[in-house]
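Sequential numbering from -9 applies to the sequence shown in the numbering used here. Where is the CB? At the ideal position from N, CA and C, for every residue including glycine. Keep in mind it's a predicted model, so treat the numbers as computed, not measured. Take a look at the structure below.
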Amino acid sequence: MADRRIERTREMVFTALTGLLSEKSIMKITVTELCDIANINKSIFYLHFRSIDDCHEQWKELVFSIIKERANGLTYYNLYKKKDVLVRILTDFFANNYDLLVKAKESDFGGEIQFLFIDSLSKCISDNSGFDSEINAKEIFILNYIISGAVYACFNRIPVFDKEKATALLSNLFDFLNFLKREHEGKYDGNN
């Protein structure tokens, strides 16, 4: 029972924090304001977090863990074979966060959430691939480029975001990138 209450409290705080971040910078958010929106008292907040910054870091860790769970098994080497998994991760992220992303699009938080998502997904795929940042710098750069381009394509469609259209757009984008990759490697024969 205690674990469920802890999870519920954290969920309320993170939901409140997300809403506030879409309106203002983390530097301008107070514990009192966050607690009022989360409907908890400050002593409860301090049982779970040392400060607003600690809460913000734990929120980012939660986002990373969710992305890591969804990207399980996705590697740089199977990215094109498992493009449906990557497309689903991307479109689910935008579909599930549509209202927040529309609200945050013009704020610092819009950039922060994009960066956090791109960085987390890229790190998960790099980790799944066993990459070393020095040895695999080229692959990590390509991976970041692919994910950033996909996020940019989706994010700029936010005012008219449609999951089905975004899925088709991203699938076509990954097919085109696969074509370029195979062409570059001299392996494209027009049939795959």
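Asked: As a quick exercise: from L7, L11, A143, pick the residue whose alpha carbon is nearest that of A28.; Found: L7
Asked: Could you have a look at D179 and say whether DSSP puts it in helix, strand or coil?; Found: Its pLDDT being 47, under 50, D179 is placed unreliably in this model, and the coordinates cannot settle the point.
Asked: How many angstroms separate the CA atom of T65 from the CA atom of F99?; Found: 28 Å
Asked: Give me the Cα-Cα distance between K73 and I34, rounded to the nearest whole angstrom.; Found: 43 Å
Asked: Starting from the N-terminal side, write out each stretch of the alpha helix (DSSP H) that is 4 residues or longer and does not extend beyond the stretch 97 to 182.; Found: 98 to 119, 127 to 145, 153 to 175
Asked: Ignoring anything shorter than 3 residues, give me the beta strand (DSSP E) runs that lie fully in the stretch 16 to 91, in order along the chain.; Found: none
Asked: Assuming contact is defined by CB atoms lying nearer than 8 Å, are L111 and I130 in contact in what I supplied?; Found: no
Asked: Measure the alpha-carbon distance for K153 versus V92 and round it to whole angstroms.; Found: 15 Å
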